[in-house]
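Working notes for the structure below.
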Amino acid sequence: MAFLRLNSVARRRRQRNPNGVFQEVPLFEGLNAEFRAGEITFLTGPSGCGKSSLLRLLNRLEDPQSGVIHFRDRPLTEYPVLELRRRLVLVRQQPTPFPGTVLDNLLHVPLLLGHPRRESEARATALLGEMALPTELLPRSAGELSVGQLQRVCVARALMLEPEALLLDEPTSSLDVASAEALRTAMQRRRDENGLSAVWVTHQTTEPAAVGGPVWLLEGGALTPVVPAVATGALT
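For the sequence shown, the residue numbers in my numbering are 657 to 892.
Printed below as a string of structure tokens:
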């Protein structure tokens with residue numbers, strides 16, 4: 657069953673032409689795709705093709721110029737925005753911490769929603785471990801962390817919401833080999849044990865084969881399914 661479905665989705669952007677005049681040009685148009693529930697779907701393509709823009713559409717940070725995006729068989733526009741963003745959580749490539757400590761970041765939304773503090777702290781500690789981060793970071797200011805550490809904290813912060821799906825914009829781009837493997841393992845486990853769905857933007861051709869899941873290529877304004885070659889990790 658599809659948890660996300662794109663029907664003739666189009667997005668344009670403003671671009672300066674050779675005469676110096678800004679005009680709207682298609683970024684992509686007529687996108688049709690189904691992303692199945694309980695799977696991690698990978699989205700790949702050249703830089704500037706619109707992968708991050710598509711994630712923004714899926715989270716309603718922007719809306720398409722035309723076409724309809726369905727989540728759980730309802731148009732995105734039928735959901736209250738806050739409800740949608742709790743169920744379908746975007747983790748950006750450039751991690752942005754909330755003010756305060758790492759623990760403050762992880763507890764921010766659960767406490768706003770009235771979840772018990774002790775239970776939430778236990779979940780935060782466990783999630784930090786899943787991301788291969790030491791618990792000693794919990795009282796540290798989030799702004800003091802490295803980009804790679806902060807990237808993993810932001811993934812953990814998203815998981816604290818217990819979302820139905822994640823939208824991941826190159827979550828391993830700033831990670832070393834061991835940290836990236838820990839994040840991939842955590843996502844696999846949550847998919848396999850809890851049915852977590854995800855759309856994962858990546859430039860790393862080995863990632864789809866390592867995690868397992870369908871791959872879509874966004875290129876030249878079109879979105880097409882491709883098959884990961886498991887033996888080499890290359891996309892064919």
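Cβ atoms here follow ideal geometry from the backbone N, Cα and C, with glycine treated the same way.
CA-to-CA, the gap between residue 772 and residue 782 works out to about 16 Å. Between the segment 814-828 and the segment 747-756, the count of Cβ pairs shorter than 8 Å is three or higher; the stretches touch. The segment 848-861 makes no contact with the segment 671-683, as fewer than three CB pairs between them are under 8 Å. Within the segment 811-870, the complete beta strand (DSSP E) segments at least 3 residues long are 821-825, 853-857, listed from N- to C-terminus.
Within its own chain, the residues whose Cβ lies closer than 7 Å to the Cβ of residue 796, once the five positions on either side in sequence are excluded, are 757, 758, listed in chain order. Collapsing the DSSP output to three states places residue 703 in coil.
In this structure, the straight-line span from the alpha carbon of residue 715 to that of residue 817 is close to 15 Å.
With respect to the 9 Å criterion, residue 791 and residue 799 are not classified as neighbours on the basis of their beta carbons.
In this structure, 854 is the residue among 854, 738, 881 with its C-alpha nearest to the C-alpha of residue 694.
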